[in-house]
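Worksheet: the structure to be examined is printed underneath.
Residue numbers (our numbering): 5 to 141.
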């Protein structure tokens, strides 16, 4: 699969329901052996089997949007259990998983897939420093 924006997220962005600058955004580390993304129908974190979610990050910091390009500070997830994962998903935090909106699916990036490590170790997510940053519309 390739990186994409979930179609329900596109609809929400185009209709003014999502403002990535003021929303809390987080990252999920995903095992794609346990979750097959469907960009047309998946909408909320609750659409992902809980077993496929290997770790959740804290909020992204210093989120910015310039000329349709989303960026934020690089992210460190300090207490990852070392399990492998194949993709990351950026989502808008809601009150629960059933209203936390899936935004971006990324499985084609440096460091993916992550093969795992022996025990608890930090995971660094370094966003692209080129023109696409996290994602470009």
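Every residue gets a Cβ at the ideal spot worked out from N, C-alpha and C, and that includes glycine.
Would a C-beta distance cut-off of 8 Å place residue i and residue j closer than the cut-off?
i           : j           : result
residue 125 : residue 111 : no
residue 76  : residue 25  : no
residue 96  : residue 107 : yes
residue 34  : residue 57  : yes
residue 105 : residue 47  : yes
residue 120 : residue 87  : yes
residue 132 : residue 49  : no
Taking the continuous beta strand (DSSP E) assigned at residue i, which residues delimit it?
i           : result
residue 82  : 79-84
residue 126 : 125-129
For residue i, name the three-state secondary structure that DSSP assigns.
i          : result
residue 43 : coil
residue 18 : helix
residue 59 : strand
residue 70 : strand
residue 75 : strand
residue 54 : helix
Residue i bridges to which residues according to DSSP?
i           : result
residue 110 : 92
residue 140 : 73
residue 26  : Answer is none; residue 26 lacks a bridge partner.
residue 31  : 94
residue 48  : 105
Next on the checklist: Across the stretch 60-77 and the stretch 34-46, are there enough close Cβ pairs to call them in contact, namely three or more that are closer than 8 Å?
Outcome noted: no
Next on the checklist: Pairs of beta-carbons, one from the stretch 82-96 and one from the stretch 50-68, closer than 8 Å: are there three or more?
Outcome noted: yes
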